[in-house]
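>
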Amino acid sequence: EAGVAQSPRYKIIEKRQSVAFWCNPISGHATLYWYQQILGQGPKLLIQFQNNGVVDDSQLPKDRFSAERLKGVDSTLKIQPAKLEDSAVYLCASSLRGGGDIEQFFGPGTRLTVL
Amino acid sequence: GDSVTQMEGPVTLSEEAFLTINCTYTATGYPSLFWYVQYPGEGLQLLLKATKADDKGSNKGFEATYRKETTSFHLEKGSVQVSDSAVYFCALLTGGFKTIFGAGTRLFVKA
């Protein structure tokens, strides 16, 4: 079974530029998560989708970050414009469904460097 | 708010040594507790979990017991191997079904 796919793996941009990340979850997984992991810290949830609806985006900086999950499968996360403090690894995860003690499966992440 | 605190790393051990990585949490209600592991060059993966007080999660020789009275979920392994070198994250699942991670503890095991 294929795992969670993310692209690109690495991205370097200058501040005020825009960037987009793509995630393809495990087939059949209804719930998709985007996390931000700053160096030396644990992952922080940015947004959680259940199918193509948003369940939780309370920690998403909505003035510059946006995310969508078309048709309840793939998802993109966009930053526009980027700031220096957005340098981090962006992790995508998926699970069969949300809630309870359902295991999340993580992709390899996209490492973003903002110069 | 809900939070997870785990011991700072790095932790450096010799092969076959005993491992303990401390994790304590603050949460309302009765969260589920997890340990995730990130091996070099790989994504995060679930190592073990416990969903209620006094439950013991175990996998690959690792164990952790959900201690409600001390709000702890310490990770232990009796004899570590070089292949256990990784970053270990303690996490909790809140009542609102949000996963909160600790900062991670890097483990180095020397041959």
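Chains as they are written, first to last, in this note's numbering: chain A, 47 to 161; chain B, 946 to 1056. Cβ atoms here follow ideal geometry from the backbone N, Cα and C, with glycine treated the same way.
Looking only at its own chain, which residues have a Cβ that is under 7 angstroms from the Cβ of D120/A, when we skip the five neighbours before and after it?
The residue you call residue 120/A lines up with position 74 of the first sequence. Result list for D120/A: W68, C69 and N70, in chain order.
> Please identify the residue among Q990/B, S959/B and Y970/B whose C-alpha is closest to the C-alpha of A1056/B.
Counting from one through the second sequence, the residue named residue 1056/B turns up at place 111. Of the listed residues, the one whose Cα sits closest to A1056/B is S959/B.
> Quick one: give me the first and last residue of the beta strand (DSSP E) that Y981/B is part of.
Along the second sequence, read from residue 1 onward, the residue named residue 981/B stands at position 36. First-last of the beta strand (DSSP E) with Y981/B: S977 to Q983.
> Would a C-beta distance cut-off of 7 angstroms place L87/A and A1048/B closer than the cut-off?
Within the first sequence, residue 87/A is the residue found at index 41, counting from 1. Within the second sequence, residue 1048/B is the residue found at index 103, counting from 1. The question names Leu, yet the displayed sequence has Gln at residue 87/A. Cβ atoms of Q87/A and A1048/B: closer than 7 angstroms.
> Verify the CB distance criterion: does F1018/B have a CB-CB separation below 7 angstroms to chain A?
Within the second sequence, the letter at position 73 stands for residue 1018/B. Judged by the 7 angstroms Cβ criterion, F1018/B is not in contact with chain A.
> Taking DSSP as the reference, what is the three-state secondary structure of E131/A?
As a first step, residue 131/A must be located in the first sequence, where it is residue number 85. Looking at E131/A - three-state DSSP - the assignment turns out to be helix.
> Taking the beta strand (DSSP E) that L989/B belongs to, which residues open and close that run?
Start at 1 with the first residue of the second sequence, and residue 989/B comes out as number 44. Where L989/B is concerned, there is no enclosing beta strand (DSSP E), given that its DSSP letter is neither H nor E.
> Can you grab the Cα-Cα spacing for the pair C1040/B / T973/B, in whole Å?
Walking along the second sequence from the start, residue 1040/B turns up at place 95. Walking along the second sequence from the start, residue 973/B turns up at place 28. Before going on, a small fix: residue 1040/B reads as Gly here, not Cys. Spanning the two alpha carbons is a distance of roughly 8 angstroms.
> Grouping DSSP H, G and I as helix and E and B as strand, with all else coil, what is G86/A?
Position 40 of the first sequence, counted from the start, is the residue given in the question as residue 86/A. Coil at G86/A, not helix or strand.
> Given a cut-off of 7 angstroms on the beta-carbon distance, is the pair L137/A and P89/A in contact?
Position 91 of the first sequence, counted from the first residue, corresponds to residue 137/A. Position 43 of the first sequence, counted from the first residue, corresponds to residue 89/A. Closer than 7 angstroms, so yes.
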